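Here's the structure, in structure tokens; my notes come after.
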Amino acid sequence: MTSSATPAPSTRGEAGLDPLALASAFVLENGQTWGTVALDWQERDARAVLDTDATAPRRHYLLRGRGMSKTTDVAALVLALLVTTAPARSRSYIYAADGDQAALFTDAIAGFIARTTGLAGAVDIGARSVTVRGTGATLTVETSDGASAFGLRPWLVVVDELALWPTTANYRRLWSAIVSALPKVPDSRLVVITTAGSPTGLGAEVWAEAEQSSHWRAARTPGPSPWWSADDTEAVTGSLTAAEYRRLILCEWAEGEDALTTPDDIAAAIRSGSTSLPPRRGIEYVAALDIGTRRDLTALVVGHSERRETGRVVVIDRVLYWRPRDGHGGRVDLSEVEAATLALCREYRVARLRFDRMQAEQLSANLQRAGIRTEEYVFSSAGANRLARALASALRDRALELPDDDETRAEFLATRLVETGPSTVKLQNPPGQHDDIVAAVGMVAVDLAAKPETGRASISSATHARIPRRLPTDLGRRVSLPLPAQLRRAAQQGPRIPSGAIIMPGTANSPPN
Numbered sequence: 048m049t050s051s052a053t054p055a056p057s058t059r060g061e062a063g064l065d066p067l068a069l070a071s072a073f074v075l076e077n078g079q080t081w082g083t084v085a086l087d088w089q090e091r092d093a094r095a096v097l098d099t100d101a102t103a104p105r106r107h108y109l110l111r112g113r114g115m116s117k118t119t120d121v122a123a124l125v126l127a128l129l130v131t132t133a134p135a136r137s138r139s140y141i142y143a144a145d146g147d148q149a150a151l152f153t154d155a156i157a158g159f160i161a162r163t164t165g166l167a168g169a170v171d172i173g174a175r176s177v178t179v180r181g182t183g184a185t186l187t188v189e190t191s192d193g194a195s196a197f198g199l200r201p202w203l204v205v206v207d208e209l210a211l212w213p214t215t216a217n218y219r220r221l222w223s224a225i226v227s228a229l230p231k232v233p234d235s236r237l238v239v240i241t242t243a244g245s246p247t248g249l250g251a252e253v254w255a256e257a258e259q260s261s262h263w264r265a266a267r268t269p270g271p272s273p274w275w276s277a278d279d280t281e282a283v284t285g286s287l288t289a290a291e292y293r294r295l296i297l298c299e300w301a302e303g304e305d306a307l308t309t310p311d312d313i314a315a316a317i318r319s320g321s322t323s324l325p326p327r328r329g330i331e332y333v334a335a336l337d338i339g340t341r342r343d344l345t346a347l348v349v350g351h352s353e354r355r356e357t358g359r360v361v362v363i364d365r366v367l368y369w370r371p372r373d374g375h376g377g378r379v380d381l382s383e384v385e386a387a388t389l390a391l392c393r394e395y396r397v398a399r400l401r402f403d404r405m406q407a408e409q410l411s412a413n414l415q416r417a418g419i420r421t422e423e424y425v426f427s428s429a430g431a432n433r434l435a436r437a438l439a440s441a442l443r444d445r446a447l448e449l450p451d452d453d454e455t456r457a458e459f460l461a462t463r464l465v466e467t468g469p470s471t472v473k474l475q476n477p478p479g480q481h482d483d484i485v486a487a488v489g490m491v492a493v494d495l496a497a498k499p500e501t502g503r504a505s506i507s508s509a510t511h512a513r514i515p516r517r518l519p520t521d522l523g524r525r526v527s528l529p530l531p532a533q534l535r536r537a538a539q540q541g542p543r544i545p546s547g548a549i550i551m552p553g554t555a556n557s558p559p560n
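Counting from 48, one number per residue, gives the positions in the sequence shown under our numbering.
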């Protein structure tokens, strides 16, 4: 149960050492000791976890935001308990969120041992284990996704990122095994340290219990992290959805579903009064096709990227869509879609057409035979996450321009971001709504964002005239003169100015191949 005041703990372990004093003496990477830099809330949590009084809670739930020293503090407290308090030949465990986090815990403990005088001779450290030489007490770092706690007799268990555990039978069995094993060992203890997550997940269930039970101490420390700069906070805020920010930074149990964007962002993105833009020479266009399933729209979009004063912007030049007809079994006429796609790709001379192979394998093969370059967009978990986040960021940053079309506007306002896993989201349309245009726009946005931005080049001459900036595509289908001849003509306008140069193939200033 949460308490505003922490009673003075009994801090002498079985070895006669003070675990809080030992943890405070651990040397950090910057050469300072943990005790000299720990903030008030870190010290309160440490005193509570290290309290050996028989009346003190032995179950602790530490809810902290990202960047709030979870790994470092857990490593310090566990190591201090292991050396000073853990009974001889006792077994303790850390259940890390995954293999990478397990390695971070081990590295943090190893760092304290290496930097703190006297620890190296008292403790042996393995790949994922720590053993106190004098007592034989051991700590093992496990991964929660592949661990089993049945049959174990733990003295100390640390559960990392419980709020991120999937609500599957395997993870619930692991949690049940952990809590049911604690009474097997006298004075055993449990520490849960995590960010917040879904209000329907296992982490939220245990938190609700911890807040009400006298057997628990529950402590919530929201962010942003006091060690982040203003730029750090702004960058993190920009990369998270609203629900993710509430969970991961503010430690709030929030649903993992958000609107993709806001009405204000949509209003800023709409190209007022313009439903389409004509193709222009020298522009690289990318198209995307999203074929709807039964009773869904089918959407075709074409767009390009351009540099503006505000930065790089993805411009959607045209949007076409088809509604299913009653006479086609609730589906669109794919032959009509294929013909329109071929015509649009030829009109805009698109560099490539992006598509979902699961929807349009045959249609894309037909277009490829007609001379259109097609490129699959893989809608894996990572691909769907990349697309959803790219759209959310582009809309928020005013880096997306959309045509003034009612269906496009309605889809973007209705589409949701739904969490599918830790830090992973996807687009989802509410019942009765569509997101096919949104998905097609997303494929174009991801494609163009992945390509490095290329600017236009220029050459200066001593007469202070500037040869017009051009791209190769500005010269048409064929160049009128060979490249060496063009360069010689440019060089004849005058000698070079400082810091300017013309590279002429075959001359002394031509770099070697």
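The beta-carbon is built from N, C-alpha and C at its ideal position, and this holds for glycine as well.
Remember, predicted model here, so these are calculated numbers, not experimental data.
Item, Value
"Could you spell out where the beta strand (DSSP E) holding residue 422 opens and where it closes?", "421-423"
"Using a threshold of 8 Å, state whether the C-beta atoms of residue 357 and residue 445 are closer than that.", "yes"
"Are the Cβ atoms of residue 366 and residue 348 separated by less than 8 Å?", "yes"
"Extract the residue ranges of the beta strand (DSSP E) inside the region 370-453, only unbroken runs of 3 or more that lie entirely within it.", "399-402, 421-423, 447-450"
"Could you have a look at residue 310 and say whether DSSP puts it in helix, strand or coil?", "helix"
"So what's residue 332 in DSSP terms, helix, strand or just coil?", "coil"
"Between which two residues does the beta strand (DSSP E) holding residue 138 run?", "138-143"
"Which residues share a DSSP beta bridge with residue 201?", "138"
"Span of the alpha helix (DSSP H) holding residue 353?", "That residue, residue 353, is in no alpha helix (DSSP H); its beta strand (DSSP E) goes 345-355."
"Any contact between the region 166-183 and the region 97-109? By contact I mean 3 or more CB pairs, one from each, below 8 Å.", "no"
"With DSSP as the reference, label residue 232 as helix, strand or coil.", "coil"
"Check for me: the alpha helix (DSSP H) holding residue 160 runs from which residue to which?", "146-162"
"Between the C-alpha atoms of residue 371 and residue 346, what's the straight-line distance to the nearest angstrom?", "12 Å"
"Secondary structure at residue 483, three-state DSSP: helix, strand or coil?", "helix"
"Could you give the first and the last residue of the continuous beta strand (DSSP E) run that contains residue 211?", "Neither: residue 211 is in no beta strand (DSSP E) and is coded neither H nor E."
"State the CB to CB distance for the pair residue 166 and residue 160, rounded to an integer number of angstroms; the pair is presumed to be in contact (CB under 8 Å).", "4 Å"
"Shortest alpha-carbon distance to residue 306 belongs to which of 145, 116, 440, 136?", "440"
"DSSP three-state call for residue 302: helix, strand or coil?", "coil"
"Given this structure, state the Cα-to-Cα distance separating residue 147 from residue 211, to the nearest angstrom.", "15 Å"
"Quick check on the burial criterion: 16 or more other C-beta atoms within 10 angstroms. Buried or exposed for residue 197?", "exposed"
"Could you have a look at residue 222 and say whether DSSP puts it in helix, strand or coil?", "helix"
"To the nearest angstrom, how far is the alpha carbon of residue 424 from that of residue 246?", "33 Å"
"State buried or exposed for residue 70, treating a residue as buried only when at least 16 other CB atoms are found within 10 Å of its CB.", "buried"
"Can you grab the Cα-Cα spacing for the pair residue 336 / residue 296, in whole Å?", "37 Å"
"Could you check the C-alpha separation between residue 129 and residue 185 for me, to the nearest Å?", "7 Å"
"Apart from the five residues just before and just after residue 569, which ones in its own chain have a Cβ nearer than 7 Å to its Cβ?", "Shown here, the chain extends from 48 to 560; a query on residue 569 therefore has no answer."
"Under a Cβ-count criterion, where at least 16 other Cβ atoms within 10 Å of its own Cβ denotes burial, should residue 264 be classed as buried or exposed?", "buried"
"Between residue 421 and residue 411, which are expected to be in contact by the criterion C-beta below 8 Å, what is the C-beta distance as a whole number of angstroms?", "4 Å"
"Can you check DSSP and say which residues form a bridge with residue 473?", "465"
"Sort 145, 332, 430 by Cα distance to residue 191 and report the nearest one.", "145"
"Here's the rule I'm using: 16 or more other beta-carbon atoms within 10 Å means buried, otherwise exposed. How should residue 214 be labelled?", "exposed"
"For residue 98, does the count of other Cβ atoms within 10 angstroms reach 16, so buried, or fall short, so exposed?", "buried"
"Can you tell me whether residue 262 is buried or exposed? The criterion is at least 16 other CB atoms within 10 Å of its CB, across all chains shown.", "exposed"
"To the nearest angstrom, how far is the alpha carbon of residue 228 from that of residue 139?", "12 Å"
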